[in-house]
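Q: Please find one structure pasted underneath; my questions will follow.
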Amino acid sequence: MTTPADAPTFSTTSLTLALTLGLALIFASPARAQESVQAVDPRIAAALKEISAARIQANIEKLVSFGTRSTLSAQDPVSIAAGQGIGAAREWIKSQFERYSKDCGGCLEVKTDAFIQEPAERVPQPTQLTNVYAVLKGTDPQAASRIVLVSGHYDSRVTDVLNFKDTAPGANDDGSGTAVSLECARVLSKLKFPATIVFLTVAAEEQGLLGSRHFAQVAKEQGWNIEAVLNNDIVGGNQGPGQDASVVRVFSEGIPVTADDKQLKQIRSIGGESDSPSRELARYIADVGAAYDPGVKALLIFRLDRYLRSGDHAAFNSQGFAAVRFTEYREDFNHQHQNLRTENGIEYGDLSKFVDFDYVTRVTRLNALTLASLASAPPAPLDVKVVTTNLDNDSTLKWRPSQGASGYEVIWRATSSPVWEHAQSLGNVTTTTLKLSKDNVIFAVRAVDAQGHRSLPVVPLPER
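If you're matching positions, the sequence shown starts at 4 in our numbering and goes up one per residue.
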């Protein structure tokens, strides 16, 4: 074998040093042979194939057919019968959930969360707002109290948010997100899960997150154990220039808006600015997406939302719930919040023809597999701690057991890394010591069941 003239050469001393450093790195951390691989559940993989682009397209086009879904538009019986206005859209969504429930033998509880919104900045007079949702109750009596939720808003708007008469198709914003919730309900209702899944569509997002704010407040007041909220808003994959149909942005808040002074001090002391529950949910989405390959990758955006914009996930964040937002890679603002018109050769308006239905299908698969994975997994371990009573270079972690777990995994990453880099499988234990300095990495612990379903990870707090 010949050596290229430009190939680098190494002295015996440098080779010895390289080998020494390599061996040092190997023995500085737990054996790589024990690192875990994300298991793929055949049931979930099969369910993803049932998600239909044709059904998603039909649902979006049906939503567009109501003319306008402005929160301020008609809700009277005549308009509903004529298929016009937000009232007609609401009744149709409810009928779809009821149809899916009938198909699965009544497995879905179809409900509405209706209330009167008093006059506000974008609501000139008292207006009834109605969130429509379906509940797939968990089969395990203990796990059923755990809830994972998917949401989209079914209202739409034109340039003037108070204009409730002109046509507001809302195909992408947010017929696409509503279609995600509907299709997830249709497909996942055919399966059984230990934990509960809620398929939600909310009203009045365009009037200031009013529907989601009410729903999240009620959930908080009633003590709902919501572990994850997946909000889909503008996931239509607008077919304009610069779009990347291979990724979907996942926005997540950093320091929780609900953190008090004591919690803020603790976050600063342990370098936990990027380890909020919402950030761990975002990383979880990326991890399961990589394992199942739904056709679209999660592009993690460590920011609550886009500049000058907001979404329904923020309403859940404000109540202390882990919540993220899915949004297409590149938005075309000519096709959002616009009156239908053509000016200077540019067509404005949020029409169905600008939506990539195959893209929405892939985003729906990512949502569905995340919901199914979380609803199948044991709850996250409790009271996770890293022992800091002594100055040493080892790291001891401890936690309370998780119901339904058959084992646990310790995961870690460099403090400067955005994603988890290593995972070591453990048996059914509640403490472990690693030959790895807690000063140099960020740890977390997650529960795993016998089938390989993983819980959300929990970053340990220091135990002094």
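We put the CB at the ideal spot given by N, CA and C, even for glycine.
Roughly how many whole angstroms lie between the Cα atoms of Gly90 and Gly178?
A: So the alpha carbons of these two residues sit roughly 15 Å apart.
Q: For Gln99, does the count of other Cβ atoms within 10 angstroms reach 16, so buried, or fall short, so exposed?
A: Gln99 comes out buried.
Q: Specify whether the stretch 218-229 and the stretch 264-282 touch according to this definition: at least 3 beta carbon pairs, one from each stretch, less than 8 Å apart.
A: These segments do not touch.
Q: Under the rule that 16 or more other beta-carbon atoms within 10 Å means buried, what is Arg271, buried or exposed?
A: The residue is exposed, with fewer than 16 neighbouring Cβ atoms inside 10 Å.
Q: Using the Cα positions of Arg328 and Val387, report the straight-line distance between them to the nearest angstrom.
A: Those two C-alpha atoms are separated by around 27 Å.
Q: So, under 8 Å CB-CB, Gly155 and Val138 are touching, yes? Tell me the CB distance rounded to an integer number of Å.
A: That pair is no contact at about 16 Å.
Q: Do you know whose CA, among Gln128, Ser376 and Val161, lies nearest Phe336's CA?
A: Looking at the Cα atoms, Val161 is the closest of the given residues.
Q: Go ahead and pull the three-state DSSP assignment for Pro172.
A: Three-state result, Pro172: coil.
Q: Mind checking Ala27: buried by the 16 CB within 10 Å criterion, or exposed?
A: Since pLDDT at Ala27 reaches only 36, below the 50 mark, its modelled position is unreliable, and no value is offered.
Q: Does the stretch 444-455 come close enough to the stretch 361-373 that 3 or more CB-CB pairs lie under 8 Å?
A: Result no; under three Cβ-Cβ pairs closer than 8 Å.
Q: Starting from Gly90, follow the alpha helix (DSSP H) in both directions and report where the run begins and ends.
A: Its alpha helix (DSSP H) spans residues Ile89 to Asp106.
Q: How far does the beta strand (DSSP E) with Gln120 in it extend, from its first residue to its last?
A: Taken as a continuous stretch (DSSP letters only), the beta strand (DSSP E) holding Gln120 covers Leu111 to Gln120.
Q: Go ahead and pull the three-state DSSP assignment for Gln427.
A: In the structure shown, Gln427 sits in a strand (DSSP, three-state: E or B).
Q: Can you name the start and end residues of the alpha helix (DSSP H) that Ala248 belongs to?
A: Taken as a continuous stretch (DSSP letters only), Ala248 belongs to no alpha helix (DSSP H), as it is neither H nor E.
Q: When the Cα atoms are used, what is the spatial distance from Ala198 to Arg149?
A: The alpha-carbon atoms of Ala198 and Arg149 are separated by roughly 5 Å.
Q: Starting from the Cα of Phe69, find the closest Cα among Ala92, Phe360, Asp361 and Ala375 and give me that residue.
A: Per the Cα distances, Ala92.
Q: Since I believe Pro465 is in contact with Val389 (beta carbons under 8 Å), could you give me their beta-carbon distance rounded to a whole number of angstroms?
A: Yes, they are in contact, since the Cβ atoms of Val389 and Pro465 sit about 6 Å apart, within 8 Å.
Q: Thr133 to Thr115, Cα distance in whole Å?
A: Spanning the two alpha carbons is a distance of roughly 6 Å.
Q: Smallest Cα separation from Asp236: which of Asp315, Lys268, Val164 and Ala171?
A: If we check each option's Cα against that of Asp236, Asp315 comes out closest.
Q: Starting from the C-beta of Thr392, find all residues in its chain whose C-beta is less than 8 Å away, skip the five residues before and the five after it, and write them out in chain order.
A: Excluding sequence neighbours, Thr392 sits near Glu466 and Arg467.
Q: If we require 4 or more residues per run, which alpha helix (DSSP H) segments fall completely within the stretch 305-353?
A: Correct list: 315-320.
Q: Throw me the rounded Cβ distance for the Glu353 and Asn234 pair, which I believe falls under 8 Å.
A: A small fix is needed here, since residue 353 is Asp in this sequence, not Glu. That pair is no contact at about 18 Å.
Q: Starting from Tyr497, trace the alpha helix (DSSP H) in both directions and tell me its first and last residue.
A: Look at the range of the chain in this structure, 4 to 467, and you will see that residue 497 is not part of it.
Q: Give me the Cα-Cα distance between Arg286 and Leu303, rounded to the nearest whole angstrom.
A: Between Arg286 and Leu303, the C-alpha separation is close to 8 Å.
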